[in-house]
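Trainee: Have a look at this one.
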Amino acid sequence: MIIDKVKKVNEAEEKPVRNSRAADMMIGKWVKCDNCKEIIYKDDLHDNLSVCPNCGKHFRLSARRRIKQIADEGTFEEIGEDILTKDPLKFDGYMKKVETLKEKTKIQEAVKCGICEIEGEKAVLAVMDGNFLMGSMGGAVGERITLAIETAMDEKLPLIIFSVSGGARMQEGIISLMQMAKTSAAIEKFNQAGGLYISVFTDPTTGGVTASFASLGDIILAEPKALIGFAGPRVIEQTIRQKLPEGFQSAEFLLEHGFIDKIVERKDMKETIAKLIRMHKR
Amino acid sequence: MSNKQITAWDRVTCARQLERPKSLDYIENIFTDFIELHGDRCFGDDKSIIGGIAMLENVPVTVIGEQKGRSARENIERNFGMPNPEGYRKALRLMEQAEKFHRPVITFIDTPGAYPGMGAEERGQGEAIAKSIMKMSSLKVPIICVVIGEGSSGGALAIGVGDKVVMLENSVYSILSPEGFASILYKDSSKAKDAAENMKMTAEDLKKLKVIDEIIKEPEGGAQNNFEDVVDNLKKYLVKEVKELSKKSTEKLLENRYQKFRKIY
Ligand SMILES: [Zn+2]
C-alpha cells in the first residue's frame, strides 16, 4: 500500500531527479531490507512483487496488491463489501479506531473477497489484509469469509484463501471466537460438497485464524519464512521462560513437521494455484 | 448476596476456584458406569482432556471434558486444564467413535486455554483445534456442550460446537482471559477486573448475545456449596435435551447446528 503510493509519487516526478541518488535518499525512495540490510530502490522492490531482490525476503502485502498479483487483470469482482464491522461489546474507542483505519487503509475490513479468474480459471478468492487491525478476525471478517465459502459452494468454484492474521479480534470478544466455528463449519459443508479449497499462509498468521479455516485446506501452501502458529512467539516465550530457537514457527518449520504441503515463492504463486485448479477440474 | 451485586470479576474468581467441581465430578455424579478411554492413537494421552463412555440414565453417551486438577498436585498432572494437540485429537477420536455407534456426545468445558508450549506448536495445536471444530459441526449425533468453569479461547471452542451450548451460572466464556485482554487492549494486565466487566463473558451476557442456549442455576457462592442440586439441575437438562435432540432427523439436526453458528455476527 505504502509502496504503491510512493510509486505514484515517483511517476509524477521529473526525470532528472532519478539521476541523483542523494536526492532520492532524502525523499525516501529507498528502503533498507530488514533481513539482509541491503538498501533497495523502492521501485525495484515493487516491481519484484515486494520480494527483496537481494535476499528473497517476502515483504507483507496489502489485500489490494495481493489480488493484483493473483487475479487476472480486471476480473476481480468483490463480494460482501457491504458486510461491515459491528461493535458487540460496545468497546470504548473501537468504532472510532475502525473509522480511522478505513480512512488510512482505504479498505473497509481485514479481508477482501470476490470472484475472479486466475490464468483464466474462475475461482473465489479471499485475501486478508494485515494493515487492518493486524488482520484480526471479528464478526465482519468471519461473515465475509463464510460468504466466500458459501459462494464457492453455490457456484461450484474452487476457493482460495490467503491468510494473514494476528488472530481473533479482541475488541469483539466472544463474537470473534464464534467466527472460528462459523467459518470451519462452512468449510466442512464445502468439503462434503466436494469443493477444492487451497489455503495460503502468509506472514504472519496466528491464533484463531490458524486454529480455524486456514488450517483446513485440501492443499495448504505458504510463502517462504512466513510465521505460522497458534500461540504467538511472545506468549510461548513467557510460558516456557526461554527464547525460542531461530526459525521456530516458520513456514519451513511447519513443512518439516508435516502441517503444510508446499512452500511457494511469490513469483510462482499464481501459476501454482492455477495448475492446482486445473488438476481438480471435473 | 443478591444476583445484582455479583460482578463479572466475581464470576471469574468463582469459575477458577480450586474447590469448584471439575469435569470428573460431573461425570461421576451425573452418569453411571463411566469407562474412561485413553489416547489419540498417534502421539500420547493428554491428561488435561478426559473422555469415555457412560450411561445417562439408560442411554449410553460419550462424555468428554477438559480436566483441571482438584488439588495443586493434580493440577500439575493435568497441566492446569490446558490441552496439547493430542488432547484435542483424543477428543475428536472419541467423537467419531460416538458417531459410529450412534451415541450422543456431552462435553464439559473448563480451560484457561490451549497450552502455548513448544511441543504444542510442533504437533500442530492450530490444526488440532481447527479439525475438532470442523468435525463437530458435522458430527451426525446430538452434541451438548456445558461450560462448567472457565471457557477460554479456541481451547474451549475446540470441544464447544454443539446443538446446545449451556453454561453454569458462575462459569465464564470468553475469547481469552481478562488478564490477557487487559494486557493487549489496555496494555496493563492489572486491569483484568475492568476487562472482565467489559468483555461480556458471564452466562447472562452470553445468553443475551445468543451464543448460549441456557443457564444452569447454581447455589449462592458456587456449585460446590450444594453440588447435589447442581448435578440434579444439569442432569435433568441433559436427559431432557438428549431425548429431544434424538428425535430430530440427522439432516435437521445438522442444519440447525450449522445455522446456530452461522448467524452469530
Ligand atoms: Zn533482503
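Residue numbers (the working numbering), protein chains in the order written: chain F, 1 to 282; chain A, 1001 to 1265. Backbone N, C-alpha and C define an ideal beta-carbon position, used for all residues, glycine too.
Is the segment 1189-1198 of chain A touching the segment 1140-1150 of chain A, taking contact as three or more C-beta pairs under 8 Å?
Mentor: Cβ pair count under 8 Å is below three, so no.
Trainee: Less than 8 Å between the CB atoms is what I'm expecting for I174 (chain F) and M1201 (chain A), so what's the real figure, rounded?
Mentor: Residue numbering aside, residue 174 (chain F) sits at position 174 when the first sequence is read from its first letter. Residue numbering aside, residue 1201 (chain A) sits at position 201 when the second sequence is read from its first letter. Yes, they are in contact, since the Cβ atoms of I174 (chain F) and M1201 (chain A) sit about 7 Å apart, within 8 Å.
Trainee: Hey, could you find the ends of the alpha helix (DSSP H) T1013 (chain A) is sitting in?
Mentor: The residue labelled residue 1013 (chain A) in the question sits at position 13 within the second sequence. Element bounds for T1013 (chain A): 1008-1016.
Trainee: I'd like to confirm something about K270 (chain F): is its beta-carbon nearer than 7 Å to some heavy atom of ligand 3, or not?
Mentor: For the structure depicted, ligand 3 is absent and the ligand set comprises only ligand 1.
Trainee: Report back the beta-carbon spacing between L216 (chain F) and S184 (chain F) to the nearest angstrom; my notes put them in contact at under 8 Å.
Mentor: Residue 216 (chain F) sits at position 216 when you count from the first residue of the first sequence. Residue 184 (chain F) sits at position 184 when you count from the first residue of the first sequence. 6 Å between Cβ atoms; contact.
Trainee: Considering only the alpha carbon of each residue, which of F:N191, F:E121, F:D261 lies closest to D154 (chain F)?
Mentor: For the purposes of this step, residue 154 (chain F) is taken as residue 154 along the first sequence, with counting starting at 1. The option with the nearest alpha carbon to D154 (chain F) is F:N191.
Trainee: Within the same chain, show all residues whose beta-carbon is closer than 8 Å to that of V98 (chain F), passing over the 5 residues directly before and after it, in chain order.
Mentor: Taking the first sequence and counting its residues from 1, one reaches residue 98 (chain F) at position 98. Correct list, in chain order: T85, L133.
Trainee: Which residues share a DSSP beta bridge with E77 (chain F)?
Mentor: Indexing the first sequence from 1 puts residue 77 (chain F) at position 77. For E77 (chain F), which the question treats as bridged, DSSP gives the partners F:I115.
Trainee: Whole angstroms is fine: what's the gap from N1075 (chain A)'s alpha carbon to E1019 (chain A)'s?
Mentor: Sequence index remark: in the second sequence, residue 1075 (chain A) carries index 75 (1-based). Sequence index remark: in the second sequence, residue 1019 (chain A) carries index 19 (1-based). Straight-line Cα distance between these residues: approximately 12 Å.
Trainee: Tell whether a beta-carbon distance below 8 Å holds between I1216 (chain A) and V1165 (chain A).
Mentor: As a working note, residue 1216 (chain A) is residue 216 in the second sequence. As a working note, residue 1165 (chain A) is residue 165 in the second sequence. It is not a contact, given that the beta carbons lie outside the stated cut-off.
Trainee: Got a sec? Which residues, its chain only, sit under 8 Å from I1212 (chain A) by beta carbon, not counting five neighbours each side?
Mentor: Within the second sequence, the letter at position 212 stands for residue 1212 (chain A). Correct list, in chain order: V1147, V1165, V1166, M1167, Y1173, A1203, L1206.
Trainee: For the segment 226-241 of chain F, which residues have a beta carbon sitting closer than 7 Å to at least one beta carbon of chain A?
Mentor: So the list reads G229, F230, A231, V235, I236, T239, I240, given in the order they occur along the chain.
Trainee: Closer than 9 Å between beta carbons: that is the criterion. Which residues of the segment 86-97 of chain F meet it against chain A?
Mentor: Against chain A - using a Cβ distance shorter than 9 Å - the residues of the segment 86-97 of chain F are K86, P88, L89, K90, F91, D92.
Trainee: Quick check on G74 (chain F): buried or exposed, where buried means 16 or more other Cβ atoms within 10 Å of its Cβ?
Mentor: For the purposes of this step, residue 74 (chain F) is taken as residue 74 along the first sequence, with counting starting at 1. Flag for G74 (chain F) reads exposed.
Trainee: Whole-angstrom Cβ separation of I118 (chain F) and K262 (chain F), contact assumed at under 8 Å?
Mentor: Numbered from its first residue, the first sequence carries residue 118 (chain F) at position 118. Numbered from its first residue, the first sequence carries residue 262 (chain F) at position 262. Wrong, their Cβ atoms sit about 17 Å apart, outside the cutoff.
Trainee: Residues of the segment 1171-1186 of chain A in Cβ contact with chain F at a cutoff of 9 Å, in chain order, please.
Mentor: Hits within the stretch, in order: Y1173, S1174, I1175, L1176, G1180, F1181, I1184, L1185.
Trainee: Could you tell me how far apart the beta carbons of R327 (chain F) and L49 (chain F) are, in whole angstroms, since I believe they sit closer than 8 Å?
Mentor: Missing from the structure shown is residue 327 (chain F); chain F here goes from 1 to 282 and no further.
Trainee: Just to confirm, is the Cβ distance from S212 (chain F) to R169 (chain F) under 8 Å?
Mentor: Locating residue 212 (chain F) in the first sequence gives position 212, where the first residue counts as 1. Locating residue 169 (chain F) in the first sequence gives position 169, where the first residue counts as 1. Cβ atoms of S212 (chain F) and R169 (chain F): not closer than 8 Å.
Trainee: Considering just the uninterrupted stretch of the alpha helix (DSSP H) at L125 (chain F), what are its terminal residues?
Mentor: In the first sequence, counting from the first residue as 1, residue 125 (chain F) sits at position 125. No alpha helix (DSSP H) contains L125 (chain F), which is instead part of the beta strand (DSSP E) from 121-128.
Trainee: Could you pull the DSSP bridge partners for K1164 (chain A) from this structure?
Mentor: Indexing the second sequence from 1 puts residue 1164 (chain A) at position 164. DSSP output for K1164 (chain A) lists A:I1144 as bridge partner(s).
Trainee: What first and last residue would you give for the beta strand (DSSP E) that runs through F201 (chain F)?
Mentor: The residue you call residue 201 (chain F) lines up with position 201 of the first sequence. Counting along the chain, the beta strand (DSSP E) containing F201 (chain F) begins and ends at 197-205.
Trainee: Since D1010 (chain A) contacts E1066 (chain A) with CB under 8 Å, what's their CB separation in whole angstroms?
Mentor: On the second sequence, residue 1010 (chain A) is found 10 positions in, with the first residue counted as 1. On the second sequence, residue 1066 (chain A) is found 66 positions in, with the first residue counted as 1. That belief does not hold up - the Cβ atoms of D1010 (chain A) and E1066 (chain A) are roughly 22 Å apart, past 8 Å.
Trainee: Using only the alpha-carbon positions, how far apart do R1093 (chain A) and N54 (chain F) sit?
Mentor: As a first step, residue 1093 (chain A) must be located in the second sequence, where it is residue number 93. As a first step, residue 54 (chain F) must be located in the first sequence, where it is residue number 54. Rounded to whole angstroms, R1093 (chain A) to N54 (chain F) spans 48 Å at the Cα level.
Trainee: If you count every other CB in all the chains shown that lies within 10 Å of the CB of T1107 (chain A), and 16 or more means buried, which is it?
Mentor: For the purposes of this step, residue 1107 (chain A) is taken as residue 107 along the second sequence, with counting starting at 1. Looking at its Cβ environment, which holds 16 or more other Cβ atoms inside 10 Å, T1107 (chain A) is buried.
Trainee: Counting Cβ pairs closer than 8 Å, one from the segment 1036-1054 of chain A and one from the segment 1080-1099 of chain A, do we hit at least three?
Mentor: The answer is yes - the segment 1080-1099 of chain A touches the segment 1036-1054 of chain A, with three or more Cβ pairs under 8 Å.
Trainee: Do A214 (chain F) and I161 (chain F) have their beta-carbon atoms positioned less than 8 Å apart in this structure?
Mentor: Start at 1 with the first residue of the first sequence, and residue 161 (chain F) comes out as number 161. Start at 1 with the first residue of the first sequence, and residue 214 (chain F) comes out as number 214. Cβ atoms of I161 (chain F) and A214 (chain F): closer than 8 Å.
Trainee: Would you tell me roughly how many angstroms separate the C-alpha atoms of A1120 (chain A) and T206 (chain F), rounded to the nearest one?
Mentor: If you number the second sequence from 1, residue 1120 (chain A) lands on position 120. If you number the first sequence from 1, residue 206 (chain F) lands on position 206. One C-alpha to the other measures close to 14 Å.
Trainee: Taking only the alpha-carbon atoms, compute the straight-line gap between E143 (chain F) and Y1265 (chain A) and give it to the nearest angstrom.
Mentor: Taking the first sequence and counting its residues from 1, one reaches residue 143 (chain F) at position 143. Taking the second sequence and counting its residues from 1, one reaches residue 1265 (chain A) at position 265. Straight-line Cα distance between these residues: approximately 7 Å.
Trainee: Taking Cβ positions only, does R1262 (chain A) come closer than 8 Å to chain F?
Mentor: Along the second sequence, one-based indexing puts residue 1262 (chain A) at 262. Judged by the 8 Å Cβ criterion, R1262 (chain A) is in contact with chain F.
Trainee: Does ligand 1 have a heavy atom nearer than 7 Å to the CB of E38 (chain F)?
Mentor: Taking the first residue of the first sequence as 1, we reach residue 38 (chain F) at position 38. Checking every heavy atom of ligand 1 against the Cβ of E38 (chain F), one is found closer than 7 Å.
Trainee: Kindly list, in the order they appear in chain F, the residues whose Cβ is closer than 8 Å to that of M1201 (chain A).
Mentor: Within the second sequence, residue 1201 (chain A) is the residue found at index 201, counting from 1. The answer, in chain order, is G173, I174.
Trainee: Going along chain F in order, which residues have a C-beta closer than 7 Å to the C-beta of P1116 (chain A)?
Mentor: Position 116 of the second sequence holds residue 1116 (chain A). Near P1116 (chain A) (Cβ distances below 7 Å), the residues of chain F are A231, V235, I236, T239.
Trainee: Looking only at C-alpha atoms, which of F:P224, F:I236, F:K122, F:L147 sits nearest to A274 (chain F)?
Mentor: Working through the first sequence from its first residue, we reach residue 274 (chain F) at position 274. When only C-alpha atoms are compared, the closest one is F:K122.
Trainee: Applying the criterion that 16 or more other CB atoms from any shown protein chain within 10 Å of the CB defines a buried residue, is E1251 (chain A) buried or exposed?
Mentor: Start at 1 with the first residue of the second sequence, and residue 1251 (chain A) comes out as number 251. Answer is exposed; the Cβ neighbour count stays below 16.
Trainee: What I want to know is whether the C-beta of N54 (chain F) ends up closer than 7 Å to one or more non-hydrogen atoms of ligand 1.
Mentor: By 1-based counting over the first sequence, the position of residue 54 (chain F) is 54. N54 (chain F): yes, Cβ under 7 Å from ligand 1.
Trainee: Return yes when at least one heavy atom of ligand 1 lies under 7 Å from the C-beta of K57 (chain F), else no.
Mentor: As a first step, residue 57 (chain F) must be located in the first sequence, where it is residue number 57. Because some heavy atom of ligand 1 lies under 7 Å away, the Cβ of K57 (chain F) counts as near it: yes.
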